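Notes follow once the structure below has been shown.
2 protein chains.
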Amino acid sequence: MKTVEKLPTETAREYALRAIKENIISLDLAPGTGISENEIASFLGVSRTPVRESIQELSKASIIEIYPQKGSYVSLIDSQYVEEAVFLRTVLDTAVIEEACDLATEADIQKIEDNVALQEFYLQNYATDKIYVLDNEFHRLIYVAARKETIHAMRSTILIHFDRLRSLSMMTVKDTKIVNDHRLMLDAIKNKDKETAKQLVEKHLNRYRIDEEAIRASHPEYFKVSENM
Amino acid sequence: MKTVEKLPTETAREYALRAIKENIISLDLAPGTGISENEIASFLGVSRTPVRESIQELSKASIIEIYPQKGSYVSLIDSQYVEEAVFLRTVLDTAVIEEACDLATEADIQKIEDNVALQEFYLQNYATDKIYVLDNEFHRLIYVAARKETIHAMRSTILIHFDRLRSLSMMTVKDTKIVNDHRLMLDAIKNKDKETAKQLVEKHLNRYRIDEEAIRASHPEYFKVSENM
DNA sequence: GGTACGGTACTGGTATACAAGTGGCTATGG
DNA sequence: CCATAGCCACTTGTATACCAGTACCGTACC
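Protein chains in written order, with the working numbering: chain B, 42 to 270; chain D, 42 to 270.
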């Protein structure tokens with residue numbers, strides 16, 4: 042497990058949740074790893090309570106499996122859940138951007154504009170490591186503009202199943218293309234052009250198609266064995 | 042707060058979550074009510090720990106608002122969240138039933154068939170109080186058939202915002218119509234007829250249109266005052 | 001050598017103790 | 001009578017103690 046800095050503003054619970062999430066997505070807590078509430082608590086320098094609450098939450102989304110009195114494990118990558126994550130993102134993102142076309146205010150658009158401008162700036166200056174955070178923030182801002190922030194929170198939890206597979210794939214979509222997609226989406230929202238916006242989202246998501254079988258071949262121990270074989 | 046029987050199979054945490062949820066949906070814990078972890082814990086006969094974990098979970102979906110060191114409150118009915126719930130249900134249910142048309146196995150269909158048959162039986166015998174539970178189960182089985190069970194779990198949490206408004210409306214859609222809708226949906230899945238299935242879901246959801254303003258007029262104290270007025 | 005049994009050191013589930021902060025009530029002084 | 005200061009009873013947040021159940025390992029006995 043990798044160290045995560047505790048921000049002064051967050052509670053122990055928020056810190057623990059963030060630290061565990063980041064470690065799972067980055068695969069520093071690899072699929073199948075056994076985790077102990079006590080161990081993580083002492084590693085993070087907090088008590089079991091906040092750690093336990095975080096683990097409970099992740100287990101709700103099947104990111105962690107809890108076997109009472111036996112142990113807890115980071116879930117193996119399960120095609121079932123990855124598909125659910127991809128499905129949810131596809132269905133929601135397209136529906137939400139259409140809503141954003143209808144509902145976005147000037148202020149919403151300005152925030153997105155600032156975000157995209159920053160993406161373009163970092164792209165020009167080859168500081169592409171910053172783009173990952175801005176990317177997530179961009180998509181959140183779309184949900185905010187569509188007045189669907191609660192839905193976004195749920196989306197991001199289940200998306201962990203997909204995110205860690207993406208980490209594992211080490212597949213990198215050219216940042217140029219990502220940022221360009223974002224610029225075009227913003228334009229579509231400005232123009233209230235739902236049809237174009239929807240098509241852009243579909244095209245954007247298609248860039249992240251992952252060859253799961255190839256990864257399974259090189260890291261079979263990370264994957265759940267399907268029952269139907 | 043109304044008593045909820047503890048099932049012998051569930052943990053204290055599951056019991057607490059279920060009890061609190063049911064009380065919020067039934068409005069026995071009315072919107073705006075102040076709740077205390079200690080109070081609920083002693084009422085349910087468990088300690089603060091499982092109660093606290095449940096409240097934390099509900100606060101994630103904005104069902105409960107926590108003000109540290111001050112108190113926690115059942116959220117007032119907020120049009121914003123109700124709309125998010127309706128939006129989520131509409132978007133997901135239509136997309137999921139299409140998936141169910143593709144993916145449902147014989148076993149899945151048989152379970153739905155049994156459920157619908159039971160609905161029809163209770164309808165014939167005027168035991169319509171049983172239909173509410175079967176209704177929820179019916180929609181869950183559709184998600185199961187579409188291999189989207191995790192998504193269903195998230196759906197049901199956010200739907201609380203809508204469910205309690207429905208309780209408040211005391212609006213009753215004729216059970217005859219509901220059960221008939223379900224029968225037709227099942228047929229569409231059997232026939233793998235996505236288009237019909239989708240239209241049926243839309244029609245079905247339209248039956249639950251609620252006149253929020255009328256309810257707001259008769260119970261203004263349950264509603265959040267909009268900031269844009 | 002093999003097997004069965006028991007101790008031990010873990011697990012997560014629950015209960016309780018303590019900490020830090022808030023708000024209201026009361027008592028006291030003007 | 002009013003205002004203010006301080007105590008007290010509450011809140012949630014966190015840490016810790018205790019419980020029941022599990023797994024594993026070593027030992028003793030066959």
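By construction, the Cβ of each residue, glycine as well, lies at the ideal position given by its N, Cα and C atoms. Just so we're clear, the structure is a prediction, and the values are computed from it rather than from any experiment.
| query | the region 168 to 192 of chain D: which residues have C-beta closer than 7 Å to a C-beta of chain B, in chain order? | reply | R188, K189, T191, I192
| task | Compare the C-beta of F162/B against all C-beta atoms of chain D and say whether one is closer than 8 Å. | result | In the first sequence, residue 162/B corresponds to position 121, counting from 1. By this cut-off, F162/B is not an interface position.
| message | Run through chain B and tell me which residues come within less than 8 Å of F128/D, C-beta to C-beta. | response | Counting from 1 along the second sequence, the entry for residue 128/D is found at position 87. The contacting residues are A136, E140, K189, I192.
| message | Any beta carbon from chain B within less than 8 Å of Y122/D's own beta carbon? | response | Locating residue 122/D in the second sequence gives position 81, counting from the first residue. Chain B, which has a Cβ nearer than 8 Å to the Cβ of Y122/D, makes this yes.
| query | Which of helix, strand or coil does DSSP assign to S113/B? | reply | Against the first sequence, residue 113/B aligns to sequence position 72. Correct three-state label for S113/B: strand.
| task | Using only alpha-carbon positions, find the residue among S67/B, E161/B, S83/B that is nearest to I219/B. | result | Position 178 of the first sequence, counted from the first residue, corresponds to residue 219/B. The shortest C-alpha separation from I219/B is found at E161/B.
| field | Contact set between the region 74 to 103 of chain B and chain D, restricted to residues whose Cβ is under 9 Å from the partner | value | T90, R93, E94, Q97, E98, K101, A102, S103
| Considering only C-alpha positions, which residue in the set G75/B, I150/B, R250/B is nearest to H180/B? | Along the first sequence, read from residue 1 onward, the residue named residue 180/B stands at position 139. Nearest of G75/B, I150/B, R250/B to H180/B, Cα basis: I150/B.
| Is S77/D buried or exposed, if buried means 16 or more other CB atoms sit within 10 Å of its CB? | As a position in the second sequence, residue 77/D is number 36, starting the count at 1. So S77/D ends up on the exposed side.
| query | Assuming T191/B and A102/D make a contact with CB atoms under 8 Å, what is their CB distance in whole Å? | reply | One-based indexing of the first sequence puts residue 191/B at position 150. One-based indexing of the second sequence puts residue 102/D at position 61. About 7 Å separates the two Cβ atoms, so the contact holds.
| query | Under a Cβ-count criterion, where at least 16 other Cβ atoms within 10 Å of its own Cβ denotes burial, should N156/D be classed as buried or exposed? | reply | Working through the second sequence from its first residue, we reach residue 156/D at position 115. The residue is buried, with at least 16 neighbouring Cβ atoms inside 10 Å.
| task | Give the DSSP-derived three-state secondary structure of I107/B in the structure shown. | result | Within the first sequence, numbered from 1, the residue matching residue 107/B stands at position 66. Correct three-state label for I107/B: strand.
| query | Would I201/B count as contacting chain D if we go by Cβ distances under 8 Å? | reply | Residue mapping note: residue 201/B aligns to position 160 of the first sequence, counting from 1. By this cut-off, I201/B is not an interface position.
| task | For the alpha helix (DSSP H) containing S77/D, list its first residue and its last residue. | result | For the purposes of this step, residue 77/D is taken as residue 36 along the second sequence, with counting starting at 1. Element bounds for S77/D: n/a, residue is neither H nor E.
| Distance between beta carbons of L68/D and M42/D, contact taken as under 8 Å | In the second sequence, the residue the question calls residue 42/D occupies position 1. In the second sequence, the residue the question calls residue 68/D occupies position 27. At roughly 11 Å, the Cβ-Cβ gap does not stay under 8 Å, so M42/D and L68/D are not in contact.
| message | For R250/D, report the span of its alpha helix (DSSP H) as first-last. | response | In the second sequence, the residue the question calls residue 250/D occupies position 209. Neither: R250/D is in no alpha helix (DSSP H) and is coded neither H nor E.
| task | Look up I230/D in the DSSP assignment and give the residues it is bridged to. | result | Locating residue 230/D in the second sequence gives position 189, counting from the first residue. DSSP lists no partner for I230/D.
| said: Can you confirm whether M270/B, when its beta carbon is compared against all beta carbons of chain D, has any partner nearer than 8 Å? | reply: Within the first sequence, numbered from 1, the residue matching residue 270/B stands at position 229. Residue placement at M270/B is flagged as unreliable, the pLDDT there being 46, under the threshold of 50; a coordinate-derived value is accordingly withheld.
| Cβ neighbour criterion (16 or more within 10 Å) applied to N64/D | Translated into positions along the second sequence, residue 64/D becomes position 23. Flag for N64/D reads buried.
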